[in-house]
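**Q** Throughout the sequence shown, residue numbering follows my numbering, covering 93 to 225 in sequence.
Glycine included, every Cβ here is placed at the ideal spot set by N, Cα and C.
Values in this document were obtained by computation on a predicted structure and should not be read as measured data.
Okay, here's the structure, questions in a sec.
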Amino acid sequence: MFKPEEIPADLPDEVKAFLGHLKPEPEALCQKRKRLLAELGKQLPSARGSLQRLLNKLRAALLAMESQAPFQATLAEDFSQVLAHYAKDPAAPNPPPSIVLECMSYMRERVEAMGMGPLLEAVQAASTSAPPR
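If you want it as C-alpha cells, here you go:
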C-alpha cells in the first residue's frame with residue numbers, strides 16, 4: 093500500500109514494516125468510500141455542534157484513506173477525541189445518524205480487507221486485560 097519513500101522517516105521501524113505490508117484497498121471499498129464522502133458532503137451543511145465536528149472528522153478520515161493522501165500521524169487521536177466528545181454531548185443525536193454508522197462500518201471492513209484485523213484484535217485484547225501487578 094505505502095511505498096517505502098512515502099513512509100515518514102521518523103516513525104519507529106515496527107510501524108514502517110507494518111505499513112509496508114498492508115494490502116491495497118479493494119475497489120468495492122474505494123467506491124463505498126466515495127459514496128460515503130458524497131453523502132457526508134450533503135449532510136455537513138445542516139449539521140451543528142458536536143455532530144458537525146464528528147462529520148468533519150469522518151470526512152477527513154475518509155479522505156486520508158485515499159491512495160495518494162499524505163500520512164497524518166495525529167488523525168486517529170483527533171478522531172478519537174471528537175468521537176468521545178460526541179458521545180458525551182447530551183445534545184448530540186442519539187442514536188447517531190446512519191451516515192456515522194455507515195462510515196464506522198466501512199472503516200471496520202477496510203481494516204479487515206487490508207490485513208489489519210488480527211493486529212487490532214491483539215491491541216483490543218491487550219487493552220482490556222488486567223494490568224500486570
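#1: Would you kindly report the start and end of the unbroken alpha helix (DSSP H) that includes Asn148?
#2: What would DSSP say about Leu136, mapped onto helix, strand or coil?
#3: Within the chosen definition, does the segment 199 to 207 reach the segment 159 to 179 through at least 3 CB pairs nearer than 8 Å?
#4: Identify, in the order they occur along the chain, each residue of the same chain with its Cβ nearer than 8 Å to the Cβ of Gly141, setting aside the five sequence neighbours on each side.
#5: For Arg200, does the count of other Cβ atoms within 10 angstroms reach 16, so buried, or fall short, so exposed?
#6: Taking 8 Å as the cut-off, does the segment 168 to 182 touch the segment 100 to 109 (at least 3 CB pairs, one atom from each stretch)?
#7: So, using beta-carbon positions, are Pro189 and Leu143 closer together than 9 Å?
#8: Straight-line CA distance for Gln44 to Ala179?
#9: When the distance is taken between beta carbons, is Cys195 closer than 9 Å to Leu132?
#10: Identify which residue in Pro100, Arg127 and Cys122 has its Cα closest to the Cα of Gly112.
#11: Which residues in the same chain as Arg151 place their Cβ atom closer than 6 Å to its Cβ, once the five residues preceding and following it in sequence are excluded?
#12: Do Lys149 and Leu121 have their CB atoms nearer than 9 Å?
#13: Can you tell me whether Lys115 is buried or exposed? The criterion is at least 16 other CB atoms within 10 Å of its CB, across all chains shown.
**A** Well, looking at it:
#1: Counting along the chain, the unbroken alpha helix (DSSP H) around Asn148 starts and ends at Gly141 to Ala156.
#2: Leu136 carries a helical assignment under DSSP once its states are collapsed to helix, strand and coil.
#3: With the cut-off at 8 Å, the segment 199 to 207 and the segment 159 to 179 do not touch.
#4: Closer than 8 Å at the Cβ level, and outside the excluded window around Gly141, lie Asp181, Ala183 and Ala184.
#5: Counting C-beta atoms within 10 angstroms of its own C-beta, Arg200 has fewer than 16 neighbours from the protein chains shown and is therefore classed as exposed.
#6: Contact between the segment 100 to 109 and the segment 168 to 182 is absent, because fewer than three Cβ pairs lie under 8 Å.
#7: In contact: Pro189 and Leu143 (Cβ atoms closer than 9 Å).
#8: Because the chain spans 93 through 225 in this model, residue 44 falls outside it and cannot be assessed.
#9: Yes; because the gap between Cβ atoms is below 9 Å, this pair is in contact.
#10: Closest option to Gly112, Cα to Cα, is Pro100.
#11: Within the same chain, Leu132 come within 6 Å of Arg151 by CB-CB distance, once the 5 residues on both sides are set aside.
#12: It is not a contact, given that the beta carbons lie outside the stated cut-off.
#13: Flag for Lys115 reads exposed.
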